[in-house]
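Okay, so the sequence shown: first residue is 57 according to our numbering, each after it adds one.
Positions of the beta carbon are idealized from the N, C-alpha and C atoms, including for glycine.
If you're wondering where the values come from, they're calculated on a predicted model, not measured in any experiment.
Please read the structure below before turning to the comments.
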Amino acid sequence: MADRFFPNEMPDFVAEDEASSASGSGGPNDSLTKLLHLPYKTLSHKLQKSALDLKQMVVRETWGLSPSGKRVNDFTLYTGALGTAFLLFKSYQLTKDANDLKLCSQIVKACDSASADSGRVTFICGRAGVCALGALTAKHAGDERLLGHYLRQFKEIKLPSDLPNELLYGRVGFLWACSFLNKHVDKDTISAARTKPVVDDIIKAGRRMSSKGKCPLMYEWHGKKYWGAAHGLAGIMHVLMDMELKPDELEDVKGTLHYMIKNRYPSGNYPSSEGSESDRLVHWCHGAPGVALTLVKAAEVFGDKEFLQAAVDAGEVVWNRGILKRVGICHGISGNTYVFLSLYRLTSNVEYLYRAKAFACFLLDRAQKLISEGKMHGGDRPYSLFEGIGGMAYLFLDMTEPSDARFPAYEL
Ligand SMILES: [Zn+2]
């Protein structure tokens with residue numbers, strides 16, 4: 057596995073009518089090309105069927121078959137049990153299968169106990185994710201008492217003063233959970249009085265770390281000034297754009313994104329951290345994919361053509377170098393597919409829907425075979441949402457309604 061990605065040998069575009077007419081006899085022969093020529097509806101049924109099978113496998117491997125499940129060692133959404141619950145909730149939204157909601161609720165309950173003493177405060181790696189998904193699950197189950205329990209637990213989360221600012225362990229990871237509750241439970245669930253001081257701390261920290269005349273906001277995590285979605289600027293700017301900001305704060309967010317665009321690599325990819333010269337990673341966590349999602353959001357928020365163009369450019373990098381030798385959401389093909397879904401939502405351009413379809417077809421056709429042959433890495437936690445096939449199942453479910461697709465725990 058010398059290279060990080062497979063060369064993309066799929067056609068740049070296959071139109072839907074061309075696809076439908078080629079699906080009869082005399083069409084292309086290899087299985088991937090055949091999938092690419094299926095009409096969208098037929099393909100999305102296939103993806104959904106595969107997703108539901110994968111979901112069963114994920115549940116079996118991460119939770120077990122007995123109703124009480126296994127003991128939860130890792131409660132997080134990233135690699136642990138909450139990721140399985142999140143996948144079940146997604147499946148419930150699509151199929152309305154009450155068993156999915158019930159099992160989701162049981163798993164969140166186990167995560168609630170397992171995370172009670174955790175000092176982690178974010179949606180993806182901490183207690184906020186458990187309480188927020190718990191609240192949403194309780195709302196859908198019509199269980200007011202349980203909803204009250206999770207919201208009280210959420211409101212008891214305390215942010216340590218030395219918290220970093222990034223998404224996986226830091227302040228914006230907590231804020232994202234607040235936005236999630238306000239969007240999905242009730243719009244005033246978490247008030248601005250709670251989020252505003254956190255936003256102020258983030259802006260203050262970013263201005264302190266910035267050097268005059270360069271980037272208006274800068275942050276450090278474990279001694280490095282990261283740029284990507286998981287630990288750096290892309291993730292922090294993404295979440296800030298959902299907050300109520302003062303005009304000067306908005307200008308700083310805009311200026312930070314302009315700085316990143318101006319200083320990207322000649323290839324169009326983005327450095328994983330300030331000053332890094334190795335143009336290697338094309339992941340959601342580090343590199344163009346995570347930045348692309350933030351640029352799509354910036355184009356929506358600011359209506360600025362430069363952000364749209366930069367998002368499109370980042371999408372080209374993902375198309376050419378994004379068929380990674382991993383399946384997951386964080387640093388795998390599934391996560392990279394969301395870039396095209398996001399560009400499709402923004403532009404309504406069917407070429408992006410095709411590209412999302414192409415990446416999903418590659419996964420459907422080849423991922424499990426390539427993993428079993430050792431040509432693709434199965435992930436350190438092979439059934440998890442962010443590193444494993446849990447993420448692939450989630451993506452396949454999202455392909456059913458591509459305009460409603462959102463990168464899990466990142467796009468609201
Ligand atoms: Zn990653």
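- Nearest to L451 by alpha-carbon distance, out of K97, A233, A71 and S106, is S106.
- The region 366-417 contains, as complete alpha helix (DSSP H) runs of 4+ residues, the segments 389-403 (chain order).
- One alpha carbon belongs to K361, the other to M265, and they sit about 29 Å apart.
- For G226, the closest C-alpha among the options I379, T178 and T89 is that of T178.
- Per DSSP, the beta bridge partners of Y282 are S329.
- At least one heavy atom of ligand 1 sits closer than 7 Å to the Cβ of C386.
- In this structure V228 touches N221 by the C-beta definition: roughly 6 Å separates them, less than 8 Å.
- A Cβ-Cβ separation of about 7 Å places V295 in contact with L223 under the 8 Å criterion.
- A heavy atom of ligand 1 is found nearer than 7 Å to the CB of C341.
- Residue pairing for F61: DSSP places it in a beta bridge opposite L380.
- Counted as a single uninterrupted DSSP element, the alpha helix (DSSP H) harbouring R227 occupies residues R227 to H240.
- At a Cβ-Cβ threshold of 8 Å, A184 and V128 do not count as neighbours.
- A366 has its Cβ no nearer than 7 Å to any heavy atom of ligand 1.
- Straight through space, the alpha carbons of G284 and A290 are spaced by roughly 5 Å.
- For G190, same chain residues with a beta-carbon under 7 Å away, outside a window of 5 residues either side, are V164, D168 and Y206 in chain order.
- Here H433 is bridged, per DSSP, to R382.
- Between the alpha carbons of G139 and G446 lies a distance of about 8 Å.
- Contact between the region 199-213 and the region 270-281 is absent, with fewer than three C-beta pairs closer than 8 Å.
- In the same chain as W119, and ignoring 5 residues on each side of it, the C-beta atoms closer than 7 Å to its own belong to G125, K126, A137, T140 and I163, in chain order.
- With respect to the C-alpha of L399, the residue from R411, L231 and A172 having the closest C-alpha is R411.
- Distance from the Cα of P464 is smallest, within the candidate group A286, F358, H196 and A414, for A286.
- Note: W119 is not bridge-paired with any residue in the DSSP secondary-structure output.
- With a threshold of 7 Å, the Cβ atom of A290 does not count as near ligand 1, since no heavy atom of the ligand is closer than that.
- Close CB contacts of N376 within its chain, under the 8 Å cut and outside five residues either way in sequence, are with N64 (chain order).
- Residue pairing from DSSP places W277 in a beta bridge opposite K280.
- Taking 8 Å as the cut-off, the Cβ atoms of K146 and L453 count as close.
- With respect to M293, L306 sits apart: the two C-beta atoms are not nearer than 8 Å.
- Under the Cβ criterion (8 Å, minimum of three pairs), the region 86-97 counts as touching the region 411-420.
- Here L301 is not near V241, since their CB atoms are 8 Å or more apart.
- In the DSSP assignment, N155 falls within the unbroken alpha helix (DSSP H) covering A154 to S171.
- Here the alpha carbon of Y315 sits roughly 28 Å from the alpha carbon of S217.
- Boundaries for S323: no alpha helix (DSSP H) harbours it, and the DSSP string shows neither H nor E there.
- Nearest to Y408 by alpha-carbon distance, out of G388, Q209 and M455, is M455.
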